[in-house]
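Since the structure comes first, as structure tokens, the remarks are kept for the end.
Chains as they are written, first to last, in full-length UniProt numbering: chain C, 1 to 301; chain A, 1 to 374.
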């Protein structure tokens with residue numbers, strides 16, 4: 001039983017990261033009906049930028065671990081948001097009126113561009129975060145030692161998801177995003193600047209992806225320029241699982257995927273871990289083609 | 001005039017296009033992972049070959065011609081490699097050096113074989129690569145059955161009774177895991193865990209938790225260094241003190257960087273001797289040249305083994321005064337005996353495998369250095 005709970009916490013930690021990346025997919029899809037394949041690479045950029053800022057500014061030494069990491073997170077979010085906005089301006093806006101397939105191809109191209117640019121800038125070898133930034137403390141929950149970092153990752157993910165949810169539901173710009181998601185032309189007629197809305201989406205989504213990249217770097221230590229692909233794929237799956245275009249759906253989908261993977265690997269077969277996870281996806285899509293929370297099609301994002 | 005021109009053209013066609021290309025240089029291909037997860041291996045392979053080719057050309061080249069290294073990136077991926085092999089096969093190369101991963105090499109073997117191009121792999125240790133009877137395939141690295149034997153010897157010598165075996169489903173890692181499992185089963189050692197992880201991920205706590213439940217004395221991981229580094233690091237975070245033994249693909253200094261020194265300490269791995277531990281005079285001279293040109297010693301033995309591939313191929317061309325693949329293959333299989341390579345003496349058997357014992361056992365010390373075990 002102890003092993004079960006241990007595996008559950010393993011799954012929750014990975015699921016939190018999947019969920020955070022899935023939010024970026026889901027937001028962009030909700031507004032543009034575009035799968036932003038470059039999102040996984042924005043995540044990678046976040047972890048590389050985090051490493052550069054961390055080592056060059058030595059934030060953790062100057063501000064202490066907690067404040068240092070917080071400042072670092074804000075900086076990474078800001079920078080990756082800028083990259084995301086540039087991506088939208090260069091790769092997606094010119095194709096706004098083109099068939100949807102052109103934008104998808106453009107997204108794939110951007111993905112290849114980003115990962116190769118990272119390789120050329122940082123080199124092909126694995127990059128490693130300095131150790132000892134985050135305290136290696138384990139918290140005892142019901143007789144189970146859970147590393148504090150894992151709890152923090154999950155908590156940070158959930159907090160950011162809640163903040164995003166309220167931002168979308170309660171603020172003016174959030175309302176505009178929802179309106180643009182339902183019908184761009186109608187939103188335009190109501191006086192909403194749709195281009196500005198889309199720009200906003202491309203600031204928020206990449207910022208969340210970037211901070212997820214930073215978390216991965218801080219926790220796992222090792223980052224490489226191809227890692228965005230596998231995380232992107234999993235997060236994309238999570239977004240579909242929860243109902244793409246739906247923010248609580250991305251949250252539920254990500255955490256569910258992480259837990260299914262961990263428990264499937266623990267109790268069925270390790271080698272078949274991905275097959276189990278994708279099998280669950282297929283099963284859920286057969287039963288509920290819109291995903292778990294995807295029923296309110298009109299209220300995407 | 002026109003008639004002369006036509007006659008000349010016809011003559012050229014008769015002589016055959018390859019003869020025309022070969023007029024100025026002898027081309028040797030290099031297929032390695034210049035990008036992708038093993039990029040540090042591939043880039044060093046290229047450095048080694050560039051250095052050796054330049055050295056050879058400074059000494060007058062080969063058969064009166066210069067040697068040119070044509071490199072292609074296999075990305076560490078079988079699909080990319082198949083395309084790279086097709087591109088190389090059309091460029092008039094005599095032979096190709098590479099590549100590192102066994103599943104990557106396997107995807108290209110038939111392409112080279114059909115084009116009658118000699119292939120000398122440098123890091124592909126999977127057994128079945130040389131069991132196919134391919135006439136033009138050789139390798140300078142040893143095979144996994146030898147590695148399996150050394151692994152089992154080491155496990156027995158260290159007195160472990162319950163062993164967990166973990167691989168990553170690649171041709172190489174699974175082959176080595178199966179080999180070790182088969183050898184251990186007959187020797188009173190219990191295999192308490194046998195499974196695979198998915199390479200390229202970052203969170204291996206699930207599999208570590210599961211392995212911990214099986215309570216092994218030692219874990220034998222047959223995969224590659226990025227995953228090994230993460231496993232060591234996450235094992236340390238779990239406070240699980242079980243010793244790890246790795247296969248030769250864990251032999252890379254990046255392992256210690258990824259794991260951190262405190263987590264990597266005490267890790268055993270099997271490997272051909274590291275560049276710094278190579279005993280021969282050829283090796284010492286070469287390492288000196290390499291350091292002079294690139295500012296550091298080669299980190300990976302596989303890059304040096306690629307260099308040995310280049311050296312035996314050029315030696316064969318020199319000795320036979322030919323670039324005919326059948327003549328060269330015959331020379332390498334039957335006539336070349338104890339050629340003084342960088343990594344020791346080189347001879348090949350009928351299958352194209354290197355003859356002789358190569359593997360050593362290494363242990364990581366507290367400073368992250370790889371120490372050769374007696």
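Don't be surprised by glycine CBs; every beta carbon is placed ideally from N, CA and C.
Quick one: Cα of residue 180/C to Cα of residue 305/A, how far?
So the two alpha carbons sit approximately 60 Å from each other.
In angstroms, rounded to a whole number, what distance separates the CA positions of residue 220/A and residue 245/A?
One C-alpha to the other measures close to 5 Å.
DSSP on residue 121/A, reduced to helix/strand/coil?
DSSP places residue 121/A in strand when its eight states are reduced to three.
Residue 270/C CB to nearest chain A CB: under 7 Å?
Answer yes: the Cβ-Cβ gap between residue 270/C and chain A drops below 7 Å somewhere.
Residue 20/C CB to nearest chain A CB: under 7 Å?
For residue 20/C, the answer is no, since every Cβ of chain A falls outside 7 Å of its Cβ.
Counting pairs of Cβ atoms below 8 Å between the segment 282-290 of chain C and the segment 62-79 of chain C, do you hit three or more?
No contact exists between the segment 282-290 of chain C and the segment 62-79 of chain C.
Between which two residues does the alpha helix (DSSP H) containing residue 207/C stretch?
Taken as a continuous stretch (DSSP letters only), the alpha helix (DSSP H) holding residue 207/C covers 194-220.
Secondary structure at residue 298/C, three-state DSSP: helix, strand or coil?
Its pLDDT being 48, under 50, residue 298/C is placed unreliably by the model, and the measurement read from it follows with that caveat. Helix at residue 298/C.
Determine the extent of the alpha helix (DSSP H) in which residue 75/C is found, giving its start and end residues.
Looking at the DSSP string, the run of the alpha helix (DSSP H) that includes residue 75/C is 65-87.
Using the beta-carbon of each residue, which ones in chain C are nearer than 7 Å to residue 201/A?
Here the neighbours are 230.
How is residue 21/A classed by DSSP in three states: helix, strand or coil?
Since pLDDT at residue 21/A reaches only 46, below the 50 mark, its modelled position is unreliable, and the value read off the structure follows with that caveat. Three-state result, residue 21/A: helix.
Quick check on residue 220/C - is its C-beta less than 7 Å from some C-beta in chain A?
Chain A, which has a Cβ nearer than 7 Å to the Cβ of residue 220/C, makes this yes.
Under 9 Å, CB to CB, which of the residues in the segment 314-335 of chain A have a partner in chain C?
Against chain C - using a Cβ distance shorter than 9 Å - the segment 314-335 of chain A contributes no residues.
Tell me where the alpha helix (DSSP H) around residue 354/A begins and ends.
No alpha helix (DSSP H) holds residue 354/A; DSSP gives it neither H nor E.
For residue 128/C and chain A, any beta-carbon pair shorter than 7 Å?
Yes, residue 128/C lies at the interface with chain A (some Cβ there is under 7 Å from its Cβ).
Decide if the segment 51-63 of chain C is in contact with the segment 239-258 of chain C; the criterion is three or more beta carbon pairs, one per stretch, under 8 Å apart.
Taking 8 Å as the limit for Cβ pairs, the verdict is that the segment 239-258 of chain C does not touch the segment 51-63 of chain C.
Going by DSSP, name the residue or residues bridged to residue 127/C.
Paired residues: 223/C.
Which residues in the same chain have their Cβ closer than 6 Å to the Cβ of residue 115/A, if we skip the five residues on either side of it in sequence?
Around residue 115/A: 89.
Curious, which full-length beta strand (DSSP E) runs of at least 3 residues does the segment 67-101 of chain A contain?
Qualifying beta strand (DSSP E) stretches, in chain order: 95-97.
Give me the Cβ distance between residue 302/A and residue 319/A, rounded to the nearest whole Å; I'm assuming they're in contact under 8 Å.
That belief does not hold up - the Cβ atoms of residue 302/A and residue 319/A are roughly 25 Å apart, past 8 Å.
With 7 Å as the threshold, decide whether the Cβ of residue 207/A is near any Cβ in chain C.
Output row for residue 207/A: interface = yes.
Compile a chain-ordered list of the residues in the segment 174-204 of chain A whose CB is closer than 9 Å to at least one CB of chain C.
Cβ contacts with chain C come from 195, 196, 197, 198, 200, 201, 202 and 203.
Is it right to say residue 62/C is buried, meaning 16 or more other beta carbons lie within 10 angstroms of its own, or is it exposed?
It counts as exposed.
Where residue 72/C and residue 59/C are concerned, what is the direct C-alpha to C-alpha distance, given to the nearest angstrom?
Going by the C-alpha atoms only, they are around 7 Å apart.
Please check if any C-beta of chain C sits within less than 7 Å of the C-beta of residue 35/A.
At least one chain C Cβ lies under 7 Å of residue 35/A.
Helix, strand or coil for residue 10/C? Go by DSSP, reduced to three states.
Correct three-state label for residue 10/C: helix.
Assign residue 51/A to buried or exposed, taking buried as 16 or more other Cβ atoms, counted over all protein chains shown, within 10 Å of its Cβ.
With 16 or more Cβ atoms within 10 Å of its Cβ, residue 51/A is classed as buried.
Taking buried to mean at least 16 other C-beta atoms within 10 Å of its own C-beta, is residue 38/A buried or exposed?
Buried, because 16 or more other Cβ atoms sit within 10 Å of the Cβ of residue 38/A.
Under 7 Å between C-beta atoms, does residue 2/C make it to chain A?
Output row for residue 2/C: interface = no.
Can you tell me which of 209/A, 333/A and 100/A puts its alpha carbon nearest to the alpha carbon of residue 5/C?
Of the candidates 209/A, 333/A and 100/A, the one whose C-alpha sits nearest the C-alpha of residue 5/C is 209/A.
Under 8 Å by Cβ, that's how I've got residue 31/A and residue 133/A pegged, so tell me the actual separation to the nearest angstrom.
21 Å between Cβ atoms; not a contact.
For residue 12/C, does the count of other Cβ atoms within 10 angstroms reach 16, so buried, or fall short, so exposed?
Looking at its Cβ environment, which holds 16 or more other Cβ atoms inside 10 Å, residue 12/C is buried.
Could you tell me whether any Cβ in chain C is nearer than 7 Å to the Cβ of residue 223/A?
No, residue 223/A does not count as interfacial toward chain C.
Which complete alpha helix (DSSP H) runs does the segment 163-190 of chain A hold, if anything under 4 residues is left out?
Runs of the alpha helix (DSSP H) inside the segment 163-190 of chain A: 171-185.
Kindly indicate which three-state DSSP category residue 26/A falls into: helix, strand or coil?
DSSP places residue 26/A in strand when its eight states are reduced to three.
For residue 190/C, tell me which candidate among 200/C, 177/C and 201/C has the shortest Cα-Cα distance.
Per the Cα distances, 177/C.
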